[in-house]
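Here is the structure we will look at, set down as structure tokens.
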Amino acid sequence: MSLKIGITCYPTVGGSGVIATELGKLLAEKGHKIHFITSNIPFRLDVLHPNIFFHQVSVNQYSVFQYPPYDIALASKMAEVIKREKLDILHVHYAIPHAVCAILAKQMAGTDVKIVTTLHGTDITVLGYDPTLAEAIKFGIEKSDVVTAVSNALKLETNEVVSADKEISVIHNFIDERVYKRVDASHLRTAYGISLEEKVVIHVSNFRKVKRVRDVVAAFAKISRQVPAKLLLVGDGPEKTGLCKLVKELNIENQVLFLGRQDHLENLYSISDLMLLLSEKESFGLVALEAMSCGVPCIGTRVGGIPEVIEDGFNGYLCELGDLKGISEKAIALLQDDEMLTRFSVNASLTPKHRFRSDVIVGEYENLYQSLMSRI
Ligand code: GMT
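Using this note's numbering, read the sequence shown as starting at 1488 and increasing by one per residue.
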């Protein structure tokens, strides 16, 4: 049965917005009508499709408001779209404020629209510990019709931190395999001044503290003493200025390229040999899956959902948080052994096909929607 589905997410760069948008695009291809209700066009919503609609939430800035009432404006827009488009499902990504707004919107609209909330990580692993939001997060989870989490680790942490009276289903993340595959981007090696004998290490994030990009740089400094290599730092965020200083102090300015925010990451992954994801919190690690799909093995920390993506000694390695010695030794061993690197690269490229197939995961969301529709 074709459904009318509203989707709300943060439209800015970030894994939760990527998953919400990619899910919407694939559901639209399968014949469902998808209504994005967001403050801006989600950055990955780069296609025109007759089944995809966008409803912008705008917030008035009356001088009497000390803070712009974004949450109320979102709930109001959701209610308007629920009624006008006769939505069957409202799928919100991120508990705060989206789940709470969806519940309010359902009451405003007065329909039986079903609310699905997907937890992505920092809505629980950071905000969940904030006493000013604790009750709202619990309420959003308990009053949703269905709650999903993107990893088993996130489900466990949610149960511990929020202790909501709600069963949480785990639906892992996925990538669009048609996009994330190894392509010939060798011209980029030349363009970025990477010589033939150099290996390429890549890190992609929003450069927030939790991503521990300083560890990435420090580990790379050790790696580059043993292996000729370049580090591609992709993304931007609050840690960037400090990182530039660190790169200078470590005297590796000629080997580290700050690329800023980039689209079409498959090209950068395709010239990379190894990804480093050394976060202290990571509910899944979507960038690791993207990189792997392009044949790039990943060294990650044994944190959150990362061990559900990286299989130690198969498609990468797992190391303890902050263990720069262990991380750099693993990386050096891998980068110095071409036969092993090729094996890991093949294993990495098979990972999404074996465990995170988009058709299977989108099917899991569809089954969940359909089971809600048959609930009286
Ligand atoms: O990693 C971020 O800071 C962005 C964040 C978000 O909310 O967009 O990503 C979270 O959701 C992604 C998609 O489910 C996960 O792959 C990331 O691991 C997760 N980030 C954290 O848990 C820190």
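Cβ atoms here follow ideal geometry from the backbone N, Cα and C, with glycine treated the same way.
None of these values were measured; they are calculated from a predicted model.
Specify, as a first and last residue, the run of the alpha helix (DSSP H) that residue i falls within.
i	result
C1496	Where C1496 is concerned, there is no enclosing alpha helix (DSSP H), given that its DSSP letter is neither H nor E.
A1596	1587-1596
Y1557	1557-1572
L1821	1811-1822
K1512	1502-1516
G1850	1845-1860
G1627	1621-1630
Under 8 Å between C-beta atoms, does residue i make it to chain C?
i	result
S1770	Note that chain C does not occur in the displayed structure, where there is just one protein chain.
Sort the options by Cα distance to residue i and report the nearest one.
i	options	result
N1660	Y1852, R1862, L1859	Y1852
D1610	G1813, A1636, K1717	A1636
S1832	M1762, L1811, L1859, K1812	M1762
F1631	P1618, S1656, L1643	Checking the displayed sequence, the identity of residue 1631 turns out to be Ser instead of Phe. Cα-wise, what sits closest to S1631 is S1656.
V1546	F1707, A1706, S1563, D1760	S1563
R1669	F1801, L1822, I1758, F1626	I1758
G1680	K1625, K1717, G1504	K1717
A1705	N1693, D1723, D1652, Q1742	Q1742
S1726	K1573, S1711, S1692	Position check: residue 1726 holds Glu in this sequence, whereas Ser was assumed. When each option's Cα is compared against that of E1726, the closest is S1692.
S1815	A1778, R1830, I1848, A1708	A1708
G1627	T1598, P1584, Q1594	P1584
R1842	T1788, M1779, S1861, Q1823	M1779
C1496	I1539, E1826, P1537, A1586	A1586
F1801	N1754, I1786, I1524	I1786
P1537	L1514, F1552, Y1557	L1514
D1750	G1722, Q1594, V1544	G1722
H1674	N1754, K1686, T1645, I1710	N1754
H1690	I1590, K1653, V1774	V1774
At what residues does the beta strand (DSSP E) containing residue i begin and finish?
i	result
V1649	V1649 -> not in any beta strand (DSSP E); alpha helix (DSSP H) instead, spanning 1639-1649.
H1580	1576-1580
Q1543	1539-1543
S1832	No beta strand (DSSP E) holds S1832; the alpha helix (DSSP H) holding it covers 1825-1842.
F1523	1520-1525
I1797	I1797 -> no beta strand (DSSP E), and no H or E assigned at all.
C1806	1803-1806
T1656	In the sequence as presented, Thr is not what sits at residue 1656; that position holds Ser. 1655-1657 is the extent of the beta strand (DSSP E) around S1656.
L1606	1601-1606
C1785	1785-1788
V1634	1633-1636
Hey, residue i and residue j are a contact pair by Cβ (cut 8 Å); roughly how many whole angstroms apart?
i	j	result
D1702	G1809	6 Å
L1720	L1752	About 13 Å; that fails the 8 Å criterion.
S1845	I1658	The pair is not a contact, with the Cβ atoms about 12 Å apart (cut-off 8 Å).
S1489	G1518	5 Å
P1498	S1526	6 Å
F1771	G1792	4 Å
R1789	L1805	5 Å
Closer than 7 Å to a non-hydrogen atom of the ligand FAD - does that hold for the CB of residue i?
i	result
E1826	The model on display carries the ligand GMT but not the ligand FAD.
Every unbroken beta strand (DSSP E) within the region 1715-1778, with a cutoff of 3 residues, ordered by chain: Complete beta strand (DSSP E) runs here, min 3: 1716-1721, 1743-1747, 1761-1764.
Segments of 4+ residues assigned as alpha helix (DSSP H) that fall wholly inside the region 1660-1715: Uninterrupted alpha helix (DSSP H) stretches at least 4 residues long and entirely within the region 1660-1715 occur at 1673-1678, 1700-1713, given in chain order.
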